[in-house]
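Asks:
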Amino acid sequence: MFKGRKKTIVRMSQLVVPTLREDPREAEVVSHKLLLRAGFIRRLAAGIYTYLPLGFRVLNNVSNVVRQEMDKAGAQEVFMPSLLPAELWKETGRWDMYGKELFRIKDRHERDFCLGPTHEEVITDLVRNAIRSYRNLPVNLYQIQTKFRDEIRPRFGLMRGREFMMKDAYSFHTSQEDLEKEYQNMYKTYCSIFERLGLKYRVVEADSGLIGGGFSQEFMVLADTGEEELFVCPKCDYAASRESAGVGEFRVADSQSTGTSKNALKEVHTSGTKTIEEVAAFLKTSPDKTIKTLIYETETGPVVALVRGDHALNEAKLKRVLGVQDLRLASEKVIEKVTKAPLGFSGPVGLKGIKIVADNCVPLIENGITGANKKDHHIMDVSYGRDYKADLIGDIRFALCSDVCPKCKKGKFDVLRGIEVGHIFKLGTKYSEKMKCVYLDENNQEKTMIMGCYGIGIGRTAQAAVEQSFDKDGIVWPMTLAPYKVAIIPVNSSIPEQMEVAEKIYSQGRGAGVAILLDDRELRAGVKLKDIDLIGIPIKVIIGKALKDGKVEIKLRKNGEVKLVPEDRAMDEIKALLA
RNA sequence: CGGAGCAUGGCUCAGUUUGGUAGAGCGCCUGCUUCGGGAGCAGGAGACCGUGGGUUCAAAUCCCGCUGCUCCGACCA
């Protein structure tokens, strides 16, 4: 591949690997610290990184596996622009919907552009022009490319950057069944990708967010420090992200009496109490007796959402239940207009002319407590049906680990942590319809294409691997990801015999196409060994004392295992380890 | 965007309270001695103390503005 090049630098004395002895202040999580310390990446600005030679090699290792598996699955690689005209985004409405996360810029003619955070619009535009017949469907096009998102809070190095490498694929179909087939094909492809990369992962049901569409699944690399919570049922195969985990059973809170006698409504003065906790404490009861009332604004007007006081409302679920796209907490002004009372005293009783959505658990509350829609007042002994009604009742809260699996209704959730590295979506016609991406079927009928979309965070995957595999000395790369598989370390570079053997094995390795590194630096053994371990090279060939007997050491990073072999057998041994 | 904090050689930090000629460790360069898990000695280079203004005889230090970065909450691969 690089035949034209005279030599690639794989001598440590020449390689740019600025390792650091101390943890950089900017890093918080282990993987970020290690990538910085071991000289893989450097920060340029918040969430924007340079990949140094080692880092870039790892990135390419991920990309290559992804590319091979995608090609094998029948997808075709393309390369789309990063700089995108606003018109396309206006066509789907996402120019307005995407919000502040979209990097927007103007050209010299004051025309609007953005830096691509994802490419549904671009690919759909391409396909609607390039493909007109059912004969040319289905297709799956993908690219590996830099994406831009003006994240609210860039974090943890490559985990959440503002500029990051991503593989995104888009498939186009003539039927739902065909999409289903490709979705399964991609599911399998993703499994083999993450298996080849040597990662422990789980697949969970997920919310599809801004990308939209219906069903989607996330691939999570398991790591205790992961940002995501996965709700996994121990009794069946159900697994979901925190965002989308369902609630299997609606029970009354433990503290509620089983008695059903309804007391009469009572208004109480609760001056100075605003939060649920304050109100519950003031009235000497627990938060699960209260009804939390939240006012939201949507594109179809304000709505009132009710959840039990000890539950957290899940906006993604609320969006789904309401069937709205735009959802945000109402301003105090709107709250006052809707409830005629200041923030902190809202309640469903007596509200008119506004849609009310209640969580499944809310109607079960007897003699509950909620705001009186009157400053400094709450009402007690509120019961559903008698005192208020909801227009919609559904699952709109976050699941808790005490909740029951919605699938088998038996297991209580285990909560694991993970890092989202892949996401597959069934988009349906969300984009193709708006953008008139159509084809002619065999009956000369115009039909809208059905789409799927499949992403993998390349840099994030690389960093997730570190998060999953490190020790006190540094990174322990899985073989596939390691920037170099083998490092040759002459213990004392001032002994000519050691250097000779080192050079010999090095050139044998290069001749055999092994990704091999020679630590030819004139440094003490300890420094070289520490550096190579920090970098995480899987196999070390240590040339030292044993050379007197014509032997070298082969030591594994993973478990510290050492094997003494005759120097002329070293290469065979390495090849066996790599096979 | 709300809350907290930080900004001083390449890296990690001290110095700021109580203004008075900019420090340490690591790294880097030179030489000597060392040489199997971050060596020792000697010599040396390297900083307009984030930025703009103000107070003062005098500001890294006090005051005001700005910017950048990190962390905690709502978004995403």
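Quick note: to get the numbering used here, add 201 to the position in the first sequence (first position is 1).
From the three backbone atoms N, C-alpha and C, an ideal C-beta is built for every residue, glycine too.
Small disclaimer: the values here were computed from a predicted structure and weren't measured.
1. Taking only the alpha-carbon atoms, compute the straight-line gap between Glu450 and Lys776 and give it to the nearest angstrom.
2. Locate the alpha helix (DSSP H) running through His233, then write down its first and last residues.
3. Report all residues from its chain with a CB closer than 8 angstroms to the CB of Val522; omit the five preceding and five following residues, and keep chain order.
4. Using 8 angstroms as the threshold, is the C-beta distance between Leu237 and Ala666 below it?
5. Quick check on Asp773: does DSSP put it in helix, strand or coil?
6. Assuming Leu719 and Met213 are in contact, meaning their beta carbons sit under 8 angstroms apart, how far apart are those beta carbons, in whole angstroms?
7. Hey, Tyr335 and Leu641: beta-carbon distance below 8 angstroms or not?
8. Using CA atoms only, rank isn't needed, just tell me which of Pro697, Lys307 and Gly362 is closest to Arg354.
9. Using a threshold of 8 angstroms, state whether the C-beta atoms of Glu292 and Glu321 are closer than that.
10. Does the Cβ of Gln646 have 16 or more other Cβ atoms within 10 Å, making it buried, or fewer, making it exposed?
11. Once you ignore the five residues that flank Glu537 on each side, which residues in its own chain have a CB closer than 7 angstroms to its CB?
12. Counting C-beta neighbours from all protein chains within 10 Å, is the total for Gly460 16 or more, i.e. buried, or is it exposed?
13. Could you give the uninterrupted runs of the beta strand (DSSP E) lying entirely in the segment 594 to 639, keeping only those of 3 residues or more?
14. Round the Cβ separation of Asn302 and Pro282 to the nearest angstrom and send it over; I've been treating them as touching at under 8 angstroms.
15. Identify whether Ser372 lies in helix, strand or coil by the three-state DSSP scheme.
16. Among Met367, Arg661, Glu406 and Gly275, which one has its Cα closest to the Cα of Ala446?
17. Count the other C-beta atoms from every protein chain shown that fall within 10 angstroms of the C-beta of Cys437, then say buried if there are 16 or more, exposed otherwise.
18. Evaluate contact between the segment 682 to 698 and the segment 724 to 743, counting only Cβ atoms and requiring at least three cross-stretch pairs below 8 angstroms.
19. Going residue by residue through the segment 463 to 530, where are the continuous beta strand (DSSP E) segments of at least 3 residues, counting only ones entirely within it?
20. State the Cα-Cα distance for the pair Cys315 and Lys648, rounded to the nearest angstrom.
21. Based on DSSP bridge pairs, tell me the residues matched to Asn341.
22. How is the beta strand (DSSP E) around Gly572 delimited, first residue to last?
23. Between Ile492 and Val525, what straight-line distance do the alpha-carbon atoms span, to the nearest angstrom?
24. Helix, strand or coil: which one does DSSP assign to Asp313?
25. Counting along the chain, where does the alpha helix (DSSP H) carrying Ala665 start and finish?
26. By alpha-carbon positions, which one of Asp769, Thr662 and Gln215 ends up nearest to Lys705?
27. Counting Cβ pairs closer than 8 angstroms, one from the segment 261 to 272 and one from the segment 389 to 404, do we hit at least three?
28. Do you know whose CA, among Ile620, Val550, Gly623 and Leu628, lies nearest Ala591's CA?
29. To the nearest angstrom, how far is it from the Cα of Cys606 to the Cα of Glu444?
30. Please report the distance separating the alpha-carbon of Ile325 from that of Met650.
31. Around the Cβ of Arg333, are there at least 16 other Cβ atoms within 10 angstroms (buried) or fewer (exposed)?
32. For the beta strand (DSSP E) holding Thr251, just list the boundary residues, first then last.
33. Please state if the CB of Thr471 and the CB of His579 are separated by a distance shorter than 8 angstroms.
34. Would you mind sorting Gln418 into buried or exposed? The rule is 16 or more other CB atoms within 10 Å of its CB.
35. My output table needs one value for Thr319: the three-state DSSP class, helix, strand or coil.
36. Would you mind giving the Cβ-Cβ distance between Leu552 and Val505, rounded to the nearest angstrom? I have them listed as a contact below 8 angstroms.
Replies: On the basis of the data shown:
1. 56 angstroms
2. Val231 to Arg238
3. Val558, Leu593, Gly595, Asp596 and Ile597
4. no
5. helix
6. 7 angstroms
7. yes
8. Gly362
9. no
10. exposed
11. Pro543
12. Summary for Gly460: the model assigns pLDDT 49, below 50, so the residue's position carries little reliability, and this model does not support an answer.
13. 615 to 629
14. Looking at the sequence shown, residue 302 is not Asn but Glu. With 8 angstroms as the limit, Glu302 and Pro282 do not qualify as a contact, their Cβ atoms being about 19 angstroms apart.
15. strand
16. Glu406
17. exposed
18. yes
19. 467 to 470, 492 to 499, 502 to 509 and 528 to 530
20. 30 angstroms
21. Ser372
22. Gly569 to Lys575
23. 23 angstroms
24. strand
25. Ile659 to Gln669
26. Asp769
27. yes
28. Val550
29. 15 angstroms
30. For the sequence presented, residue 325 should be read as Thr rather than Ile. If I take the Cα positions, the gap works out to 10 angstroms.
31. exposed
32. Ile249 to Tyr252
33. yes
34. buried
35. coil
36. 6 angstroms
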